[in-house]
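S.K.:
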Amino acid sequence: MPEGKPLTAWAPPDGREVFHTNCPARQVIDHITNRWGIWVLLGLRERPLRFFEVRDRIEGISEKMLSQTLRTLVADRLVWRKVESTVPPQVTYGLTEFGEGAADHLGGMFDWIRGNAAVFTEACESERQTD
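For the sequence shown, numbering that gives the first Met the number 0 assigns the number 0 to the initial residue and increments by one for each residue that follows.
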């Protein structure tokens, strides 16, 4: 392959190359796999949750980061948002059909990671012993 030629292992139907910076899939992948996006999608897999239920489910996330992550995932149409006209307003979040597809794939990856945790732990311990 000539130097500088982009990889073309897979291209979406619209002809854009997924490895190019202008491919919209890259932005969605960045949002799904950022520090909190993956956890929000996995956290909403079982059922829709209110904001504070999502926050309580994902240990370590601040309200600011949760709000920002949810806003991004809603804009990407991975998550839906429903506001009930109560005092105070109750906001519920759930996965769209698109989000369910992403969460299912992430869940499979997460299950694989959990199933291989011993391999990762062993590798980390071996690395520490050689340092």
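C-beta: ideal position from N, C-alpha, C; glycine also.
Starting from Trp79, follow its DSSP beta bridges and name the residues at the other end.
M.R.: Locating residue 79 in the sequence shown gives position 80, where the first residue counts as 1. Its beta-bridge partners are Gly93.
S.K.: Buried or exposed: which applies to Trp38, given that a residue is buried once 16 or more other Cβ atoms fall within 10 Å of its Cβ?
M.R.: Locating residue 38 in the sequence shown gives position 39, where the first residue counts as 1. It is buried - the Cβ of Trp38 has at least 16 other Cβ atoms within 10 Å.
S.K.: If Arg49 sits next to Glu62, beta carbons under 8 Å apart, how far is it from one beta carbon to the other, in whole angstroms?
M.R.: Within the sequence shown, residue 49 is the residue found at index 50, counting from 1. Within the sequence shown, residue 62 is the residue found at index 63, counting from 1. Arg49 to Glu62, Cβ: 13 Å. No contact.
S.K.: Counting Cβ pairs closer than 8 Å, one from the segment 68 to 83 and one from the segment 26 to 41, do we hit at least three?
M.R.: yes
S.K.: Alpha carbon to alpha carbon, what distance is there between Ala74 and Arg34?
M.R.: Residue numbering aside, residue 34 sits at position 35 when the sequence shown is read from its first letter. Residue numbering aside, residue 74 sits at position 75 when the sequence shown is read from its first letter. Cα-Cα distance, rounded: 17 Å.
S.K.: What are the start and end residues of the alpha helix (DSSP H) that includes Phe119?
M.R.: If you number the sequence shown from 1, residue 119 lands on position 120. For Phe119, the enclosing alpha helix (DSSP H) has its first and last residue at Ala116 to Thr129.
S.K.: Within 9 Å (strictly less), CB to CB, does Glu96 reach chain D?
M.R.: Of the protein chains in the structure, only one exists, and it is not chain D.
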